[in-house]
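Here is the structure we will look at.
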Amino acid sequence: MCSQRLRSLLALLLLSVPGAPVRGAPCSSAVGEPSETSGDEIPEISVSPAAKWEPLTRMLICDVINLRDQQFVEEFHEPKENMSNYKENTLPLPHVGARDCSSSNFSKESCLQRISHGLQVFAVYLQFVESEYARSGKAADIKFRTKILSDHVIHRMKNPQLAQELDSDARELQLRALPAASAWDRKSTVHVLLREFASFLKDAYRAIRHVERQARRRPAANRSA
Ligand SMILES: *[C@@H]1O[C@H](CO)[C@@H](O)[C@H](O)[C@H]1NC(C)=O
Ligand SMILES: *[C@@H]1O[C@H](CO)[C@@H](O)[C@H](O)[C@H]1NC(C)=O
Numbered sequence: 163m164c165s166q167r168l169r170s171l172l173a174l175l176l177l178s179v180p181g182a183p184v185r186g187a188p189c190s191s192a193v194g195e196p197s198e199t200s201g202d203e204i205p206e207i208s209v210s211p212a213a214k215w216e217p218l219t220r221m222l223i224c225d226v227i228n229l230r231d232q233q234f235v236e237e238f239h240e241p242k243e244n245m246s247n248y249k250e251n252t253l254p255l256p257h258v259g260a261r262d263c264s265s266s267n268f269s270k271e272s273c274l275q276r277i278s279h280g281l282q283v284f285a286v287y288l289q290f291v292e293s294e295y296a297r298s299g300k301a302a303d304i305k306f307r308t309k310i311l312s313d314h315v316i317h318r319m320k321n322p323q324l325a326q327e328l329d330s331d332a333r334e335l336q337l338r339a340l341p342a343a344s345a346w347d348r349k350s351t352v353h354v355l356l357r358e359f360a361s362f363l364k365d366a367y368r369a370i371r372h373v374e375r376q377a378r379r380r381p382a383a384n385r386s387a
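To convert, count from 1 in the sequence shown and add 162; that's the working numbering.
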């Protein structure tokens, strides 16, 4: 029943965006919280723009995790459980972090700015994922939802102009810096990008939910100017 709700919410959302691809079953236990109940966390359904980001983000997280797992199994020929053997493999990627997005030191504006920047950076990296791991058409869906989430986050900022867009030089540099010399490098890079993006999204989800709850408590004070 809940996944049906999720589906209809998403359908509503996608209706307003022509050409959006819809594929696969909705994922309902994406976020690292007690997964049995996560389907019930969707707040009372008022289909306002502010309510849509939540199911959207859950689907996004789920898609990224599925793609990460699929890519790992197919490209590394190892069971999913063996992913932990590769955790030492890292790249300098955006993090939501404790500096301004943790509950003990939460600064709405700089946290949202950090998230919107991170989403843009990962959106560029998704091009690499798409070209190196084209087997699944999922990367296109993921890019699409990342863009919607990014727009939502920017919309929540008091100063949306602080969410400056990465120009094409910056994007190019970013892609060129990825380890991609050998086939092994490329598949490892894809794995690390998907793994870290999933983790970024989970943290972002919690942080944005925090912002939304605060805004609901103090409607007038907290809406973006
Ligand atoms: C999975 O990891 C275990 C423990 O590190 C290792 O012994 C095993 O060979 C790995 N499986 C494959 C298929 O490589
Ligand atoms: C707390 O947040 C402020 C504002 O973003 C930041 O300048 C400061 O460094 C943060 N403090 C810690 C301990 O991370």
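Glycine included, C-beta positions come from ideal geometry on N, C-alpha and C.
So what does DSSP say about residue i, is it helix, strand or coil?
| i | result |
| --- | --- |
| asparagine 267 | strand |
| serine 344 | coil |
| histidine 353 | helix |
| proline 322 | helix |
| valine 258 | coil |
| glutamate 250 | coil |
| glutamate 239 | Note that residue 239 is histidine in the sequence shown, not glutamate. Three-state result, histidine 239: coil. |
| glycine 299 | coil |
| glutamate 327 | coil |
| arginine 230 | helix |
| arginine 399 | What the structure shows of the chain is the stretch from 163 to 387, and residue 399 is not part of that stretch, so it cannot be assessed. |
| isoleucine 370 | helix |
Does residue i pass the burial test, meaning 16 or more other C-beta atoms within 10 Å, or should it be called exposed?
| i | result |
| --- | --- |
| glycine 280 | buried |
| aspartate 202 | Note that aspartate 202 scores 43 on pLDDT, short of 50, meaning its location in the model is unreliable and no value can be drawn from it. |
| arginine 357 | buried |
| glutamate 294 | buried |
| glutamate 240 | exposed |
| tryptophan 346 | exposed |
| lysine 123 | No answer is possible for residue 123: it lies beyond the span of the chain, which begins at 163 and ends at 387. |
| lysine 242 | exposed |
| asparagine 267 | exposed |
| arginine 318 | buried |
| arginine 230 | buried |
| asparagine 228 | buried |
| threonine 252 | exposed |
| serine 265 | exposed |
| arginine 261 | exposed |
| arginine 338 | exposed |
Looking at the secondary structure, which residues open and close the alpha helix (DSSP H) in which residue i lies?
| i | result |
| --- | --- |
| glutamate 334 | 330-338 |
Between residue i and residue j, how many whole angstroms is the CB-CB distance? I'm expecting something under 8 Å.
| i | j | result |
| --- | --- | --- |
| glutamine 282 | glutamate 327 | 7 Å |
| leucine 222 | phenylalanine 290 | At roughly 18 Å, the Cβ-Cβ gap does not stay under 8 Å, so leucine 222 and phenylalanine 290 are not in contact. |
| alanine 366 | isoleucine 277 | 5 Å |
| leucine 274 | valine 373 | 7 Å |
Check your reading: residues with Cβ closer than 6 Å to ligand 1 heavy atoms: Residues flagged by the Cβ proximity filter: Glu240, Asn244, Asn247.
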